[in-house]
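With positions in the sequence shown counted from 1, the corresponding number in the numbering used here is that position plus 11.
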Amino acid sequence: VLLVVNIQEIHADQEKIVKISAAGQSMQCSASVDVLFLLDGSYSIGKGSFERSKHFMSKLCDALDIRPERVRVGMIQFSSTPQLEFPLDSYATKEEVKERIKKTVFRGGSTETGLALKYILHKGFPGGRNSTVPEILVILSDGKSQGDTEMPATQLKERRIMVFAVGIKFPRWKELQALASDPAEQHVLFAGDAADAANDFYSTLTRSAVCSAPAPDCKIESYPCERKTLEIVKDLSGNFACWRGSKQQSAVHGSLCPFYRWKKVFIKHPSRCFRTVCPDPCDSQPCQNGGTCVSEGLDMFYCLCPVGYGADIHCAPKLSLECSVNLLFLMDSSAGITLEGFLRFKAFLKRFLQAVMGQHTPMNVGVAQYDTKVKIPIEVGQHKDVFGLMKSIEALNFSGGETQTGRALWYIAQHGFRSTPALADVQDDLPRVVVLLTDSKSQDPVVEAAKYARDQGLFLIGIGSSFLRAELIEVTGNPKQTIIYSSPQDLLNKIPELQKRICSMDSPEGCQAQSLDLVFAVDASAGVGLENFLQLRDFVRSGSSHFSISRDVTQIGLVVYGSRAHTAFALDTRTSNSSLLQAINQLPFLGGSSSPGSALLHIHGDVMTVHKGARPGVNKAVVMLTNGGGMEGAASPARQLRNNGILVFVVVVGDAQRDVLLRVAGSPNYLVHVSSYEDLQRCEDLIIERICEEAKSPANLCKPNPCLNQGLCVLGPGGYCCECHGWQGPHCES
12 VLLVVNIQEI HADQEKIVKI SAAGQSMQCS ASVDVLFLLD GSYSIGKGSF
62 ERSKHFMSKL CDALDIRPER VRVGMIQFSS TPQLEFPLDS YATKEEVKER
112 IKKTVFRGGS TETGLALKYI LHKGFPGGRN STVPEILVIL SDGKSQGDTE
162 MPATQLKERR IMVFAVGIKF PRWKELQALA SDPAEQHVLF AGDAADAAND
212 FYSTLTRSAV CSAPAPDCKI ESYPCERKTL EIVKDLSGNF ACWRGSKQQS
262 AVHGSLCPFY RWKKVFIKHP SRCFRTVCPD PCDSQPCQNG GTCVSEGLDM
312 FYCLCPVGYG ADIHCAPKLS LECSVNLLFL MDSSAGITLE GFLRFKAFLK
362 RFLQAVMGQH TPMNVGVAQY DTKVKIPIEV GQHKDVFGLM KSIEALNFSG
412 GETQTGRALW YIAQHGFRST PALADVQDDL PRVVVLLTDS KSQDPVVEAA
462 KYARDQGLFL IGIGSSFLRA ELIEVTGNPK QTIIYSSPQD LLNKIPELQK
512 RICSMDSPEG CQAQSLDLVF AVDASAGVGL ENFLQLRDFV RSGSSHFSIS
562 RDVTQIGLVV YGSRAHTAFA LDTRTSNSSL LQAINQLPFL GGSSSPGSAL
612 LHIHGDVMTV HKGARPGVNK AVVMLTNGGG MEGAASPARQ LRNNGILVFV
662 VVVGDAQRDV LLRVAGSPNY LVHVSSYEDL QRCEDLIIER ICEEAKSPAN
712 LCKPNPCLNQ GLCVLGPGGY CCECHGWQGP HCES
């Protein structure tokens, strides 16, 4: 909802409101047309609203191509009598017109709108072109005329003069609609928002073929809107004792007399508003890797890039490998991935190495290919410069054949990093990392081969599609060393994640020094069962040990749920690791059906709130541990949490519908699937690592809203303030 001093509201989503405003600021009418402003300078307007009217006229002039042969502008000010401020042929440029408007002086007097209209009927458009071009009259008034306006307004419109009525202050919309041309919805504007009114004005001129559309793809759309009039009404407050006289001499009678008071009320006028909406340069989502697109006009944009990105205007990765490694890429070149898949991996490989390799990068890179056979066309450390490495990668050819990933792993473990005389300067003592790129299920066993490779000291990382998740975990031995992508673009978005995986050969250190508000939601329903619930509890105990618990660093809350949600402890109740672990040991098993949606709603409304210890400006996350039961109703509450700046991680045990779980998690990055409760501990490092990554990102001080009683939180330099309505105090608490 676009609120303009609460007088005019356009009901549209925020994206549309931004587009309406952007289009309004970039419009320019270059037709041959005469525009005459009729400015209310009466006492009912007052000096303040008179100055706002002048500001509105200046903004409207920005949308007009003012020059003698195109748009001419003149102005009449009226109150008790009309006064010509300047005729249409006085000024030849936009700057001169705006400067003259700025110098216009408030006159004061009664509101004789009808007299001003008769003046125009008699004098015409002073300095105009005598109806040889379209004539537009723009009346700026609060609509509180003290004389008849209906007859002269009708006569003006009969002369084919297009009349716009612009409301100022608290306008009387019905009188303005009577002044305006038909249809009134398109010719009545509100001066409170100049960009919106300019859009309204220009949209009507476009529909009337006076002006052309600002761009070929722009279109006029209709929105429901509501206008309000401030009226003073008589209100009966009650009856009070009073004394009345009588016809009899010296006789007075007691009685009840009505008592009235005057009060101001808003009268609503539903309407339709027509606005021009143009394609936004951000519609094509040009910012990659989580960058935020900010449009500048109709054809320019810039990207706000996350940390680690910004190598180009689209937020390409801006990375470097800060670890010394011998790195071998093992690329699937079998018929199972097709030529298209092979070329996709080549493009990914080149993009990654261009992003991370510099003149002094402390790593040696090689590339191997496999199908039925295995070959190493680029030995580890063969190229020291990016250009030579790119040429060799470009020369790689697709071979086809069977997908024998197991055989490839056996071969690489034995021959992938062997020293040769030509590569005598390659350090053998560096960590050895193998990155497997595949998109096809192996046709031979991989478990024994992968175990052998890991036993030889190779650190394995697997990259592939979601249907290969289980096989890739078997290869790497750890879900955190598995990278899953959903589309070709998503594969490129995984470049920063691969860089982190290569340099994270040790177990994660947790986020001991990161400020974080974290809530675990644990499924305690009969579907999980007591024995499995105890394993979930142990997982929470172990995971919590990665955090430094205090009111200044990490706060942890815990909710258990069955058919209902129960807060085991709130965010601000456990202030040390020992007290937290004691509370986790006492978690109750509830039984009953599973309602994760109710649990998320409970967290949104009664746990992740400022009243219950959530801290503004601190990152927030919910980790839901579930067997997947009842998740159909959890997507909407999860979306509410994300809209309030709270990440939702879903850890699901056993078989469950992945599409439903994705709607709850919001992204594959926040969904972890394990096959059994015994495997939970294997995923602990992965989950904690992702939570800690999010804890390092900038937090929004206004989420959750620190303002009470429907106060509006407004971000400012280094902080925030609360805009209160009917309340006061720093947080609208009084």
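Ideal Cβ placement from N, Cα and C applies to all residues, glycine included.
Exercise for the section: State buried or exposed for S142, treating a residue as buried only when at least 16 other CB atoms are found within 10 Å of its CB. Expected result: exposed
Exercise for the section: Can you tell me which of the three DSSP states V357 falls into? Expected result: Per the sequence shown, the amino acid found at residue 357 is Lys instead of Val. Looking at K357 - three-state DSSP - the assignment turns out to be helix.
Exercise for the section: Look up A366 in the DSSP assignment and say whether it is helix, strand or coil. Expected result: helix
Practice task
Report the rounded CA-to-CA distance for E744 versus H615, giving the unit in angstroms.
Solution key: 21 angstroms
Exercise for the section: Using the DSSP secondary-structure output, state which residues sit across from L315 in a beta bridge. Expected result: T303
Practice task
Kindly indicate which three-state DSSP category I150 falls into: helix, strand or coil?
Solution key: strand
Practice task
Verify the contact flag: I387, CB atom, against every heavy atom of the ligand SAM, threshold strictly below 7 angstroms.
Solution key: In the structure shown, the ligand SAM is absent, as is every other ligand, since no ligand is present at all.
Practice task
Could you name the residues that DSSP lists as bridge partners for N630?
Solution key: L527
Practice task
Compare the Cα-Cα distances from A667 to each of C304, L691, G640, L658 and report the closest residue.
Solution key: G640
Exercise for the section: My understanding is that V221 touches V44, with C-beta atoms under 8 angstroms, so please give their C-beta distance in whole angstroms. Expected result: 6 angstroms
Practice task
Under 8 angstroms by Cβ, that's how I've got L469 and V445 pegged, so tell me the actual separation to the nearest angstrom.
Solution key: 5 angstroms
Exercise for the section: Would you please verify whether the beta carbon of E734 is less than 8 angstroms from any beta carbon of chain D? Expected result: Here there is only one protein chain, and chain D is not present.
Handout entry: Per DSSP, cross-strand counterpart(s) of Y381
Key = D343, V385
Handout entry: Own chain residues within Cβ distance below 7 angstroms of S91, not counting five before or after
Key = G120, S121, E123
Exercise for the section: Report yes if the C-beta distance between I472 and L447 is below 8 angstroms; otherwise report no. Expected result: yes
Handout entry: Exposed unless 16 or more other CB atoms sit within 10 angstroms - verdict on A610
Key = buried
Handout entry: Beta-carbon proximity check, K105 vs K65, cutoff 8 angstroms
Key = no
Handout entry: Per-residue burial, W254 [other beta carbons within 10 Å of its own, 16 or more giving buried]
Key = exposed
Practice task
Consult DSSP for D517 and reduce its assignment to one of helix, strand or coil.
Solution key: Summary for D517: the model assigns pLDDT 47, below 50, so the residue's position carries little reliability, and this model does not support an answer.
Exercise for the section: Would you identify the three-state DSSP class for V84, choosing helix, strand or coil? Expected result: strand
Problem - Beta-carbon proximity list for G628, same chain, < 7 angstroms, skipping 5 on both sides - result: A710, L712
Exercise for the section: Excluding the 5 residues preceding and the 5 following V539 in the sequence, name in chain order all residues of the same chain whose CB lies nearer than 6 angstroms to its CB. Expected result: N638
Practice task
Mind checking which residues open and close the beta strand (DSSP E) that includes C733?
Solution key: 730-734
Exercise for the section: Go through its chain and collect everything with a Cβ distance to V12's Cβ below 7 angstroms, but skip five positions before and after it. Expected result: Note that V12 scores a pLDDT of 33, beneath 50, so its modelled location is shaky and nothing firm can be said.
Problem - Sheet register partners of A176 (DSSP bridge) - result: I150, V199
Exercise for the section: Starting from K9, trace the alpha helix (DSSP H) both ways and give me its first and last residue. Expected result: No statement about residue 9 is possible, as the shown extent of the chain runs from 12 to 745 and does not include it.
Handout entry: Residues that DSSP places opposite H264 in a beta bridge
Key = R255
Exercise for the section: Give the straight-line distance between the Cα atoms of K384 and T449, rounded to the nearest whole angstrom. Expected result: 15 angstroms
Exercise for the section: Keeping to the same chain, check which residues put their C-beta closer than 7 angstroms to that of A202; ignore five residues upstream and five downstream. Expected result: R63, S64, F67, L151, V177, G178, I179, A208
Practice task
Kindly indicate which three-state DSSP category S101 falls into: helix, strand or coil?
Solution key: coil
Problem - The alpha helix (DSSP H) enclosing D466, as first and last residue numbers - result: 458-466
Exercise for the section: Would you decide whether I278 is buried or exposed? Buried here means 16 or more other CB atoms lie within 10 Å of its CB. Expected result: exposed
Practice task
Whole angstroms is fine: what's the gap from Y731's alpha carbon to D455's?
Solution key: 60 angstroms
Practice task
Express the C-alpha separation of F181 and S559 in angstroms, rounding to a whole number.
Solution key: 56 angstroms
Exercise for the section: Taking N375 as the reference, give the member of G392, K386, K361 with the closest Cα. Expected result: G392
Problem - Inter-stretch contact at 8 angstroms, needing at least 3 Cβ pairs: the stretch 676-688 / the stretch 651-667 - result: yes
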